[in-house]
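Heads up: the structure comes next, in structure tokens.
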Amino acid sequence: MKRWFLVLFVVLCMGWSVVFAEEVTLRILSLPWPQTPVEQRLANEIFTQRTGIKVIIESPPYQFVEYKIREIIDSRSDEYDLFEYDSQWIGEMVLAGGLERLDTPEYLFSPESTINFEKDFIQGFATYIGKFPTLGDDALRPGDAWKKYTDAPLYGLPWTCGGLIFSYRKDLYAEAGIPGPPETWDEMLEYAKKLTVDVDGDGKIDRYGIAWYATRLSDGITQQWLPFHFSFGAELWDPETWTAQGIINSDKAVEALQFFVDFNLKHKVVDPATANWFVDEIMNAATQDKCAMWFTWVSFANVADNPALSKTAGKWGYTVMPGYRDPQTGQIRRASTFGSQGIGINAFSKHKKEAWLYLQWLKSYEIEKMLVDDPTAGYASARTDLLDYQKQFEPKWASIRTIVEGIARDVWTWPEYAELLDIQQRELNLAYIGKKTPKEALDNIALLQQQVLDTSPNNPKNR
Amino acid sequence: MTERIDVLVRRRHREELRFRLLLFVPTIVFLVLMVIFPLVYSVNISFYDYVRGREPRFIGFGNYAQLFRSEQFWLVTWITLRITLTCLAIEMGLGLLLGFALSQKIPGMGFFRLLIFLPMMLAPLVAGLFWRLLLDQTFGLVNFFLERLGFGAVEWLTDPRFAIWGIIITDVWQWTPFVVLLVLAGLGTIPQELQEAAILDRASPWMRFRNIYLPYLRMPILIAVLFRSIDTLKMFDVPYILTGGGPGDLTTTLSLLGYRNLFSFFKVGVASAISWFVVIIVNILVNVLLKVLSPRKKIPREMVDTGL
Chain S
1 MKRWFLVLFV VLCMGWSVVF AEEVTLRILS LPWPQTPVEQ RLANEIFTQR TGIKVIIESP
61 PYQFVEYKIR EIIDSRSDEY DLFEYDSQWI GEMVLAGGLE RLDTPEYLFS PESTINFEKD
121 FIQGFATYIG KFPTLGDDAL RPGDAWKKYT DAPLYGLPWT CGGLIFSYRK DLYAEAGIPG
181 PPETWDEMLE YAKKLTVDVD GDGKIDRYGI AWYATRLSDG ITQQWLPFHF SFGAELWDPE
241 TWTAQGIINS DKAVEALQFF VDFNLKHKVV DPATANWFVD EIMNAATQDK CAMWFTWVSF
301 ANVADNPALS KTAGKWGYTV MPGYRDPQTG QIRRASTFGS QGIGINAFSK HKKEAWLYLQ
361 WLKSYEIEKM LVDDPTAGYA SARTDLLDYQ KQFEPKWASI RTIVEGIARD VWTWPEYAEL
421 LDIQQRELNL AYIGKKTPKE ALDNIALLQQ QVLDTSPNNP KNR
Chain G
1001 MTERIDVLVR RRHREELRFR LLLFVPTIVF LVLMVIFPLV YSVNISFYDY VRGREPRFIG
1061 FGNYAQLFRS EQFWLVTWIT LRITLTCLAI EMGLGLLLGF ALSQKIPGMG FFRLLIFLPM
1121 MLAPLVAGLF WRLLLDQTFG LVNFFLERLG FGAVEWLTDP RFAIWGIIIT DVWQWTPFVV
1181 LLVLAGLGTI PQELQEAAIL DRASPWMRFR NIYLPYLRMP ILIAVLFRSI DTLKMFDVPY
1241 ILTGGGPGDL TTTLSLLGYR NLFSFFKVGV ASAISWFVVI IVNILVNVLL KVLSPRKKIP
1301 REMVDTGL
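Residue numbers (our numbering), protein chains in the order written: chain S, 1 to 463; chain G, 1001 to 1308.
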């Protein structure tokens, strides 16, 4: 009798555990990019079907994602298992102990791992987006600089890939007899002058030659100014000595900023309202036929080329940014703003194994290709075996070129970046509207940024 | 026997008192946890060099000293006060005028009242987005009409002279209806016979305003001023969405500065110090306004019993 009770008890326990076994659900904190809903759909249709693991991707507005990540990490919470993070956040996430190291036998070096980090991704790019610390953004530059980080700890894999690209109206170029996209900033200015027009003859400009956003909000004006700054040969800082003074306000930097603000103040080939424009307004200008050229991201380009949303759909051409022609060498130096994100595992997650499974699935050739093929995702892949395939997609390829050719440049990845950026935003915006001269603005940036760098506990001098 | 009754009565009283206190407990616990503790905690934090992710370090009044030495902080304080005082003046004047106009007994006035109260029902963030589009130099309707009327286009959100007016216009548009609402409520309490008697006595409109309407409206106006000044001093949403605080910092308010310090730079100590500075400013301003606007004479009983 006793034996029967025991058997019954064991059977009941097993049944109980089967019925009430915790179903694993991976929660991902993501950025609100167009690829996010596509990733969610693919996860539901493929990953959950194959593994039984549910996936919930949450993407609050961009400005709240970073704070949310910090909250999760600081409270050592397991609310999310994976973070999709912007490139400049990696420092604060790693220093707060919030990202799981991936170059370990549990993950990348496990025999079952389907990811070959060295082979699968564009190396300099993947190194920069996933490893910390790196010396500034040197891993992104052409050449072998990334190789010095071979043994550096890895915390994330590429989630997106690309940089700011140049977009121009092919029909208006043809009408104006312009042979093709500009190679240099001077050519771009010349074309912008030609294409700034009063269409209806009422004395008011109806279409400006070029558009960008120069808002003080977030990193608005910085995104659009960086290509000028870097291509003129200027730098933001010296990451070895943590020096901004004399670097961000160098003669080359002043020359670049002067050239940039002159589009607005002197040549008037850009709408003066751009001083307060951000994403909504630039999209409006591009889709409502208010500009002939603009700097864009792949996901924005998709909207401008969508006939349901845009008057100008199908009329845009895309290429990499024009550059600065060095008067000494005659060579053109290009630069673009880095615009890529990474994905990593929350160090406090209770489902790290499942999260790694998801990462391997998401970064597989099959899924990356599906994301690339979906036009609504606006997605460019960093997988080396998909590079040739992506050459057929015009804006996507231009965006990848900024990475492959080492044109893309980024800001700081240390936790102080937000304060450095805020100083920069304020002063650049004032220079853009002519309230300060470029030299005054840059000198003030250098002064204030240096104070932040000098007092940072992450500065090698203070460590 | 009497002693026994006294004991019973006292026991009953004690039980009632205990029961009343018991009813208070949830409210007290809620207030302590949700209001008093965070307030005291934030005062404490404002004395620390506390950046998220780093060990907090006690620095006394260091955060306050750092703020008071900062040019940016005083610029932002001045901008906040400028926006507050300008908004108050316009909203009060316009609110009074509209209140009087809408109190007239004309057919269809109900519809206009409904229309005028609509902005107040929107979230400030929505109002900000709405005005960001309206005031856009290129796409905006405001400039479209200005140009049709023969005026030039105004760089509402980018010209340092006008950007602050973009914020003020938005706030005035959204919150004047609140003043109108209070004025209408005040006007509704004035006895009809008093107004008729004044007209029969041939009192001029100014005399009627000065001696009948104003005494009755004093309390509604005081309430409007208090609410609007507190709200405007804490203004965050509109500048955040309309201009991002730009150009430069020329439309940055104290709350926006606090937000940047907390949510962008993770400087919890500095953000707390800014918040407490706002609390102090609000208290000073509110007390000054109360002093200026409070009725000097005792309000007649019939005016107090208006429910306001």
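Built from N, CA and C at the ideal position, the CB exists for glycine as well.
**Message:** Taking 7 Å as the limit between beta carbons, can you name the residues of its chain near G:G1080, skipping five residues before and five after?
**Reply:** The sequence shown places Thr at residue 1080 of chain G, rather than the Gly named in the question. L1233, T1253 and L1254.
**Prompt:** The alpha helix (DSSP H) spanning S:I282 covers which residue range?
**Reply:** V279 to T287
**Prompt:** Helix, strand or coil: how does DSSP classify S:N158 here?
**Reply:** One point to set straight first is that residue 158 of chain S is Pro, not Asn, in the sequence displayed. Residue state, collapsed to three classes: strand.
**Asked** Name the chain S residues that come within less than 9 Å of G:E1155, Cβ to Cβ?
**Response** P272, A273, A275, N276 and I433
**Prompt:** For S:E440 and chain G, any beta-carbon pair shorter than 9 Å?
**Reply:** no
**Item:** Runs of alpha helix (DSSP H) lying entirely within the segment 1200-1249 of chain G, each at least 4 residues, in chain order
**Value:** 1205-1208, 1214-1233 and 1237-1242
**chain S within 9 Å of G:Y1048, Cβ atoms only** = no
**Run of the alpha helix (DSSP H) containing S:Q450, from where it starts to where it stops** = P438 to D454
**Message:** Taking the beta carbon of G:Y1041 as the centre, do at least 16 other beta carbons fall within 10 Å, making it buried, or is it exposed?
**Reply:** exposed
**Asked** Going by other Cβ atoms of all chains shown within 10 Å of its Cβ, with 16 needed for buried, is G:M1235 buried or exposed?
**Response** buried
**Request:** Would you mind working out which of S:T222, S:A446 and S:S218 sits nearest G:T1243, comparing C-alpha positions?
**Result:** S:S218
**Request:** Quick one: using the 10 Å Cβ neighbour count with 16 as the cut-off for buried, is G:Q1192 buried or exposed?
**Result:** exposed
**Message:** Less than 9 Å between the C-beta atoms of S:V65 and S:Y155, yes or no?
**Reply:** no
**Item:** Exposed unless 16 or more other CB atoms sit within 10 angstroms - verdict on G:P1107
**Value:** exposed
**Message:** What are the residues in the segment 1235-1265 of chain G lying within 7 Å of chain S by C-beta distance?
**Reply:** T1243, G1244, G1245, G1246, P1247, G1248, D1249, R1260, F1263, S1264 and F1265
**Asked** Can you find a CB in chain S that lies within less than 9 Å of the CB of G:T1170?
**Response** no
**Asked** By Cβ distance, which residues of its chain are closer than 7 Å to G:N1261, with the 5 residues on each side in sequence left out?
**Response** K1267, V1270, A1271 and I1274
**For S:E79, the nearest candidate out of S:D86, S:T114 and S:I69 (CA to CA)** = S:I69
**Message:** Between the alpha carbons of S:A301 and S:P395, how many angstroms are there, rounded?
**Reply:** 7 Å
**Item:** Residue ranges of each alpha helix (DSSP H) within the segment 229-276 of chain S, 4 or longer
**Value:** 251-265
**Message:** Distance check for G:G1150 and G:F1144, CA to CA, integer angstroms please.
**Reply:** 10 Å
**Request:** Closer than 8 Å by beta-carbon distance: list the chain S residues that pair up with G:P1160, in chain order.
**Result:** I433 and K435
**Message:** Does S:K435 come out as helix, strand or coil in the three-state DSSP assignment?
**Reply:** coil
**Asked** Quick one: Cα of S:L31 to Cα of S:R169, how far?
**Response** 30 Å
**Item:** Three-state secondary structure assigned by DSSP to S:M293
**Value:** strand
**Request:** Select from S:P460, S:R334 and S:P272 the residue whose C-alpha is nearest the C-alpha of S:A471.
**Result:** The structure shown has nothing for residue 471 of chain S, since chain S only spans 1 to 463.
**Message:** Strictly under 9 Å for the Cβ-Cβ distance: is G:D1201 near chain S by that measure?
**Reply:** no
**Item:** Cα-Cα separation, G:P1056 to S:G97
**Value:** 17 Å
**Asked** My guess is that S:L140 and S:G130 are in contact by the Cβ rule of under 8 Å, so how many angstroms apart are they, rounded?
**Response** At roughly 12 Å, the Cβ-Cβ gap does not stay under 8 Å, so S:L140 and S:G130 are not in contact.
**Prompt:** Between G:R1052 and S:D74, which are expected to be in contact by the criterion C-beta below 8 Å, what is the C-beta distance as a whole number of angstroms?
**Reply:** 6 Å
**Asked** Of the residues that make up the segment 1138-1149 of chain G, which ones have a beta carbon closer than 7 Å to any beta carbon in chain S?
**Response** T1138 and F1139
**Asked** Pick from G:I1090, G:R1210 and G:V1172: whose alpha carbon is nearest that of G:A1198?
**Response** G:R1210
**Asked** If S:D151 and S:S349 are in contact, beta carbons under 8 Å, what's the gap, nearest whole angstrom?
**Response** The Cβ separation is near 25 Å, so there is no contact.
**Request:** Compare the Cα-Cα distances from S:C161 to each of S:G339, S:K391, S:H351 and S:N284 and report the closest residue.
**Result:** S:G339
**Paired residues, beta bridge with S:L29 - DSSP** = S:E58 and S:F83
**Request:** Could you check what DSSP says for G:G1108 in three-state terms: helix, strand or coil?
**Result:** coil
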